[in-house]
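Residues 9 to 686 (our numbering) are what the sequence shown spells out, left to right.
For glycine and all other residues, C-beta sits at the position ideal for the given N, C-alpha and C.
Written below as structure tokens is the structure these notes are about.
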Amino acid sequence: MRKRHGVVGMLSILLAFSSIPAQTLSLLTDAEYRYLVNEISGDIAYEHIRYFTLFHRPRGGTEGLMRVAEYTERKAREYGLEDVKLIKQPYPLEAWSVRRAELWMIEPEWERLADFLQAHVHLADNSRSADVRAELIDVGAGLQESDYAGKDVRGKIVLAYGSLDRVMEEAVWKRGALGIVYYPDPSATEYPLNSINFPDQIRWVRIPLRSPDGKEGTFAFSLSLRQGLALRRRLAQGSVKVHARIEAEVLPEKWQVMVEGFIRGTEIADQDVVLTAHLQEEKFSANDDASGCAGLLEIARALTKLIHEGKLRRPRRNIRFWWVTEISSERQYFADHPDEPKRMLVNINLDMIGANQGQDLLRVQNITRVPFSRSHFLTDVAERVIEFVVAANTSHLAQFQAGSPVPYPKPILAHLGTRHRYAAQMIPFHNNTDHMTFNEAPIGVPGITFTNWPDNYIHTTDDDLWNIDRTQLQRNTFAAAAIAYFIASLDAERGRLLATEVYTRALERLAFDERLAFELIWQEPDKAFAFGRARNQIRQAGWRERTALESLLRPVPEVRGLVEHFKAMLAEREAQALSNLERSYTVITGQARVPTLALSPKEEELARKIPVLAAGPAEFLERRNRVRNVEGLHPLMAFEVLNFIDGSRSVLDIYNAVDAEARRAGAHYYGTVTPERV
Numbered sequence: 009m010r011k012r013h014g015v016v017g018m019l020s021i022l023l024a025f026s027s028i029p030a031q032t033l034s035l036l037t038d039a040e041y042r043y044l045v046n047e048i049s050g051d052i053a054y055e056h057i058r059y060f061t062l063f064h065r066p067r068g069g070t071e072g073l074m075r076v077a078e079y080t081e082r083k084a085r086e087y088g089l090e091d092v093k094l095i096k097q098p099y100p101l102e103a104w105s106v107r108r109a110e111l112w113m114i115e116p117e118w119e120r121l122a123d124f125l126q127a128h129v130h131l132a133d134n135s136r137s138a139d140v141r142a143e144l145i146d147v148g149a150g151l152q153e154s155d156y157a158g159k160d161v162r163g164k165i166v167l168a169y170g171s172l173d174r175v176m177e178e179a180v181w182k183r184g185a186l187g188i189v190y191y192p193d194p195s196a197t198e199y200p201l202n203s204i205n206f207p208d209q210i211r212w213v214r215i216p217l218r219s220p221d222g223k224e225g226t227f228a229f230s231l232s233l234r235q236g237l238a239l240r241r242r243l244a245q246g247s248v249k250v251h252a253r254i255e256a257e258v259l260p261e262k263w264q265v266m267v268e269g270f271i272r273g274t275e276i277a278d279q280d281v282v283l284t285a286h287l288q289e290e291k292f293s294a295n296d297d298a299s300g301c302a303g304l305l306e307i308a309r310a311l312t313k314l315i316h317e318g319k320l321r322r323p324r325r326n327i328r329f330w331w332v333t334e335i336s337s338e339r340q341y342f343a344d345h346p347d348e349p350k351r352m353l354v355n356i357n358l359d360m361i362g363a364n365q366g367q368d369l370l371r372v373q374n375i376t377r378v379p380f381s382r383s384h385f386l387t388d389v390a391e392r393v394i395e396f397v398v399a400a401n402t403s404h405l406a407q408f409q410a411g412s413p414v415p416y417p418k419p420i421l422a423h424l425g426t427r428h429r430y431a432a433q434m435i436p437f438h439n440n441t442d443h444m445t446f447n448e449a450p451i452g453v454p455g456i457t458f459t460n461w462p463d464n465y466i467h468t469t470d471d472d473l474w475n476i477d478r479t480q481l482q483r484n485t486f487a488a489a490a491i492a493y494f495i496a497s498l499d500a501e502r503g504r505l506l507a508t509e510v511y512t513r514a515l516e517r518l519a520f521d522e523r524l525a526f527e528l529i530w531q532e533p534d535k536a537f538a539f540g541r542a543r544n545q546i547r548q549a550g551w552r553e554r555t556a557l558e559s560l561l562r563p564v565p566e567v568r569g570l571v572e573h574f575k576a577m578l579a580e581r582e583a584q585a586l587s588n589l590e591r592s593y594t595v596i597t598g599q600a601r602v603p604t605l606a607l608s609p610k611e612e613e614l615a616r617k618i619p620v621l622a623a624g625p626a627e628f629l630e631r632r633n634r635v636r637n638v639e640g641l642h643p644l645m646a647f648e649v650l651n652f653i654d655g656s657r658s659v660l661d662i663y664n665a666v667d668a669e670a671r672r673a674g675a676h677y678y679g680t681v682t683p684e685r686v
């Protein structure tokens with residue numbers, strides 16, 4: 009009993025230590041925090057965004073992409089990064105480029121409808137060259153037979169609001185239309201809070217270059233909702249004739265580009281902290297992702313300056329900066345350098361970090377946790393930093409009553425930015441940006457991303473400079489820099505601090521999984537099934553948290569004793585949770601004993617199957633498109649199914665792991681998982 013009391017007392021101290029993120033950021037010294045928070049500037053980062061938004065850079069092979077890459081390379085050198093280079097890579101898609109595109113109404117009157125020089129996104133990506141005058145025909149959505157009833161669209165241009173690839177199939181390939189004038193679906197359009205620009209928003213869209221059976225695509229222009237509805241009204245009154253003129257080409261050389269630079273560490277060359285952001289997007293894209301690229305440049309400038317001035321110690325590990333062509337650059341790089349992931353410790357991706365949250369009150373800065381397949385201390389470092397920045401930049405009545413003269417406890421405010429609070433949160437992982445390429449099966453480097461969502465301005469003309477808040481840009485850049493610098497500087501002392509952080513947060517997470525287990529017993533009609541899933545939830549949580557602790561041993565093996573101690577305590581906590589579940593089951597259900605669980609024939613079959621990774625990054629790059637979606641299985645859980653393959657887990661083990669991960673986030677987030685789908 010005395011031994012147990014001692015453990016409880018130790019836990020109380022540790023939990024108290026872990027519960028004060030609002031007051032201090034204990035991962036950094038006071039001096040490190042002060043230098044970082046004062047040096048990093050959202051105003052300086054914003055100036056890079058000005059340059060990026062001068063260029064249309066929708067994909068590899070475009071002049072605009074090379075221009076922003078060359079600018080980034082020049083600035084990285086100017087700021088003092090080491091081993092800076094611009095890397096030109098092969099590109100998997102056609103290098104489409106456009107010089108000119110205009111759409112005019114010529115009858116019943118002369119009026120400009122769209123012009124590439126006016127707004128580059130007026131022309132859909134992959135549009136072919138054309139110079140045609142034709143009647144415009146309203147086909148509504150343009151997706152089904154009824155939309156074309158009584159209408160001859162051959163040799164004409166259609167006005168439609170449906171999915172462009174489907175309209176291309178129905179109007180152009182099936183019925184001989186020359187091209188498409190697109191506008192957003194009026195019934196599916198939601199106005200952001202506080203927005204007066206939404207009806208005039210022009211969306212960045214694309215059409216297929218060719219059909220699956222080889223038919224050539226034509227062209228499409230993108231109009232705003234207001235323009236589209238005005239054209240519909242005009243067509244209801246009589247015929248309209250338009251003139252479409254486009255000069256575009258598919259270039260013979262298919263290339264993409266990335267820029268790399270380093271802050272070299274003092275001791276360790278095979279545990280790089282990799283920071284990423286992507287260079288390519290349409291001309292506007294101030295937030296997605298000029299903000300992330302600008303944030304990386306500002307981190308590079310601030311850290312190199314502080315290190316050269318002697319205010320910050322040079323980190324022990326390399327901090328590697330990658331400005332990339334989104335997703336495809338990393339996959340190509342790993343295919344070309346299959347051993348490089350072994351030299352990387354973590355990835356921190358910046359994608360949409362400058363959103364003015366006052367423009368749309370739904371906007372939140374999300375920061376992902378690592379997926380369970382990559383369980384790692386990175387999540388806990390990020391969580392601690394984000395909690396601190398949120399608390400430091402949120403106003404409370406008690407603070408006002410105490411007579412504080414500043415709006416927030418420890419404000420981070422850009423000189424020319426807003427004074428909005430920092431609306432940010434940690435969330436379960438998602439994909440669709442560059443950190444995905446680090447987490448996925450052949451690579452296995454834990455990665456997180458900063459990604460603003462929801463966002464009603466993304467991929468439209470509204471994602472422009474007026475939508476960027478220098479203050480939020482500064483806060484997110486500081487947070488990413490703090491995470492990166494702390495991990496790159498990890499030593500034995502910081503490792504002991506971090507082990508405590510990971511352990512105490514593990515206790516909080518285990519308590520949540522235990523609650524889920526109890527809820528399953530209460531809510532599931534099949535109590536035997538519920539008991540099996542509830543027990544699995546607790547066991548998977550225990551594995552996840554011990555794995556996160558073990559991840560510390562690569563960068564700081566000196567803390568092995570403390571890590572093993574905490575792992576043993578977590579094992580005791582897991583055993584206690586399982587015992588609580590068994591004792592409570594009989595009370596909740598009124599049954600005399602817990603069910604005896606045996607594997608079904610199907611589960612026995614799955615337990616005998618142990619998949620292995622049969623190839624590496626190069627083969628993955630070549631063949632990944634052969635992987636098909638499984639109906640009823642969330643794509644992110646399919647992603648995790650592949651990630652959990654390690655040559656030792658059976659298919660049943662993988663099902664158990666993914667089932668627990670999906671349940672923890674909720675059916676609304678990851679859906680539900682079944683053995684058959686796995």
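What is the DSSP secondary structure of residue i, counted as helix, strand or coil?
i      : result
VAL564 : coil
LEU36  : coil
ASP690 : Here the chain covers residues 9 to 686 and nothing more, so residue 690 does not appear.
VAL620 : coil
TRP212 : coil
MET9   : Note on MET9: pLDDT 38, under 50, position unreliable in the model; the coordinate value appears next. Three-state result, MET9: coil.
VAL398 : helix
GLU613 : helix
PRO98  : strand
ASN295 : helix
ALA492 : helix
ARG634 : helix
ASP471 : coil
ARG371 : coil
LEU687 : In the structure displayed, the chain extends from 9 to 686; residue 687 sits before or after that span and is not available.
According to DSSP, what are the bridge partners of residue i?
i      : result
SER230 : TYR190
HIS251 : TRP112, ARG141
VAL282 : ARG328, ASN355
ARG120 : TRP112
TRP104 : VAL258
ILE435 : THR376
LYS93  : GLU268
GLY455 : ASN355
ILE276 : ARG325
TRP263 : PRO98
ASP133 : ARG214
Quick check on the burial criterion: 16 or more other C-beta atoms within 10 angstroms. Buried or exposed for residue i?
i      : result
LYS164 : buried
GLU290 : buried
TRP330 : buried
ASN295 : buried
ARG483 : buried
ASN440 : exposed
PHE446 : buried
HIS345 : exposed
Considering only their Cβ atoms, is the gap separating residue j from residue i smaller than 9 angstroms?
i      : j      : result
ASP388 : ALA556 : yes
LEU44  : ALA489 : yes
GLU611 : LEU660 : yes
PHE380 : GLU669 : yes
ALA538 : GLN531 : yes
VAL308 : GLY269 : For clarity, residue 308 is Ala in the given sequence; the question names Val instead. Yes, these two residues count as a Cβ contact at 9 angstroms.
ASN355 : VAL267 : no
ALA549 : LEU570 : no
LEU231 : LEU121 : yes
Checklist entry - Touching or not, the segment 456–465 and the segment 353–364, by the rule of three or more beta carbon pairs under 8 angstroms? => result yes
Checklist entry - When the Cβ atoms of the segment 553–573 are set against those of the segment 627–634, are three or more pairs found closer than 8 angstroms? => result no
Checklist entry - Does the pairing of the segment 374–393 with the segment 448–456 give three or more beta-carbon distances under 8 angstroms? => result yes
Item to check | the segment 500–518 / the segment 237–254 touching (three or more Cβ pairs under 8 angstroms) | outcome: With a cut-off of 8 angstroms on Cβ pairs, the segment 500–518 is not in contact with the segment 237–254, counting fewer than three such pairs.
Next on the checklist: Is it the case that the segment 113–129 contacts the segment 145–160, given that we only count it when at least three CB pairs across the two stretches are under 8 angstroms?
Outcome noted: no
Next on the checklist: With three or more beta-carbon pairs closer than 8 angstroms as the criterion, would you say the segment 221–234 touches the segment 75–85?
Outcome noted: no
Checklist entry - Using 8 angstroms as the threshold, is the segment 471–479 in touch with the segment 309–326, meaning 3 or more CB pairs across them? => result no
Next on the checklist: Can you confirm whether the segment 125–137 touches the segment 92–111 when touching is taken to mean that 3 or more C-beta pairs between the two stretches lie within less than 8 angstroms?
Outcome noted: yes
Checklist entry - With contact counted as at least three CB pairs below 8 angstroms, one residue from each stretch, are the segment 321–341 and the segment 402–417 in contact? => result no
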